[in-house]
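Here the structure comes first, spelled out in structure tokens, and everything after it is commentary.
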Amino acid sequence: MICSVKEEVKKVVVGHEELIDSMIIALFTGGHILVEGVPGVAKTTAVNTLAKSLGFDFKRVQFTPDLLPGDILGNEILDLRKNEFKIKHGPVFTHLLLADEINRAGPKVQSALLEAMAERQVTIGEESFALPEPFMVLATANPVEQEGTYELPEASLDRFMMKVRVGYNAFEEELTIMERAADGRFGEVRRVLEPAAFAEQKEKLKSIHLDEEIKRYILSIVTATRDPESCGLDHLKDFVDFGASPRGSIDLYKASRAHAWLSGRDYVTPSDVAAMAYPVLRHRIVLNYSAVTVSLTADDVIRKILEAIPAP
């Protein structure tokens, strides 16, 4: 059943398998995604198509420097006819929210959205309102132009389950996109999952088996991001300031289980953990300036850790 959701998305989105898989995994595990990529690579189209295939509401907010928290969460407004205040909900009251170029907005707006992501509720005036279930934020960051942006601090980045990098399509993929877009030949997206079935699939996900050795493997990888010496990578200790938090362990556990489920298996293998280690941990590893001087990236650190720790 879940494969049919992926097939519907692929009717419109050509390529970008990692993005599609990550969106599905995050949605079914209650996570949020940060997407880094150049403009025009179908980030908006992907999340909108996923919403259509599941029958969920979708809203998009373009983040700008003049945006206010109330523009996202909602406001208390005065009804002049009744001479009383009433609540007007903001775009955050949806199932799937695209926060486009989140690093363009100021820290207050970013904090307001991150609080809604963590608490799954919004307080307007003196009232608190629960957000719809499910609720997923897909935030984008443009790596090309950094002038006038407010980069998310490390503590805020940790709120995102995964960070996915989206590049340009391969030559043949872009040829397909060009032909379909010019002729309007993208497939019609059908709703393939009812709300009750969605909840059932979420519960089914929890039954995916993780062996005790796999659990220890996950924790060993996360521990190595904080203390590279624990897996014999002594030379990395001078480049890593901070590793992944306990939230990283939890998210890698959940993502590995969902990756196995998406692959049609009822058990997790080391390959599931390795595949999810990059999107789950890359934004949680803080490198210092020494790493920049030798062109060492977070993905390089993860790769070295996976090579150093024996798979069970």
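So the sequence shown is residues 7 to 318, counted in the working numbering. Virtual Cβ for every residue (Gly too), placed ideally from N, Cα, C. The structure presented is a predicted model; accordingly, all values stated were derived computationally and were not measured.
With DSSP run on the structure shown, which of helix, strand or coil describes residue i?
i	result
N294	coil
V11	helix
N54	helix
F141	coil
M184	helix
M168	strand
Y174	coil
T303	coil
S2	Since the first residue of the chain shown is 7 and the last is 318, residue 2 is not available in this structure.
D217	coil
I93	strand
A111	coil
A317	coil
V228	helix
L199	coil
L120	helix
L163	helix
L158	coil
Is it right to say residue i is buried, meaning 16 or more other beta carbons lie within 10 angstroms of its own, or is it exposed?
i	result
E132	exposed
A122	buried
S262	buried
P71	exposed
H265	buried
F245	buried
F91	exposed
D63	exposed
I83	exposed
G249	buried
Q116	buried
N54	buried
Does the beta-carbon distance from residue i to residue j come in below 9 Å?
i	j	result
S236	S226	yes
P234	V307	yes
I108	T146	yes
D305	S213	no
P97	R66	yes
A111	F141	no
K49	L74	no
I224	Y259	yes
M29	V20	no
A280	L242	no
M167	D106	no
K17	F192	yes
P138	E219	no
H289	L104	no
E42	V128	no
Between the options, which lies nearest to residue i when the distance is taken from Cα to Cα?
i	options	result
L199	H22, K49, V19, S59	S59
L163	V18, I130, G37	G37
D247	S269, T275, T303, S134	T303
S134	P140, A188, L79	L79
A57	F192, H289, L216, R197	R197
F177	R171, V170, E185	E185
L102	K88, E180, T51	T51
L216	V172, T231, V170, W267	W267
D27	V298, G270, K310, S301	G270
Considering only residues of the region 12-90, which uninterrupted beta strand (DSSP E) runs meet the minimum length of 3 residues and lie entirely inside it, listed in chain order?
-> Secondary structure remark: continuous beta strand (DSSP E) runs of at least 3 residues inside the region 12-90, in chain order: 39-43, 64-68, 80-85.
Runs of alpha helix (DSSP H) wholly within the region 230-289 (minimum 4 residues, chain order) | Runs of the alpha helix (DSSP H) inside the region 230-289: 252-268, 276-287.
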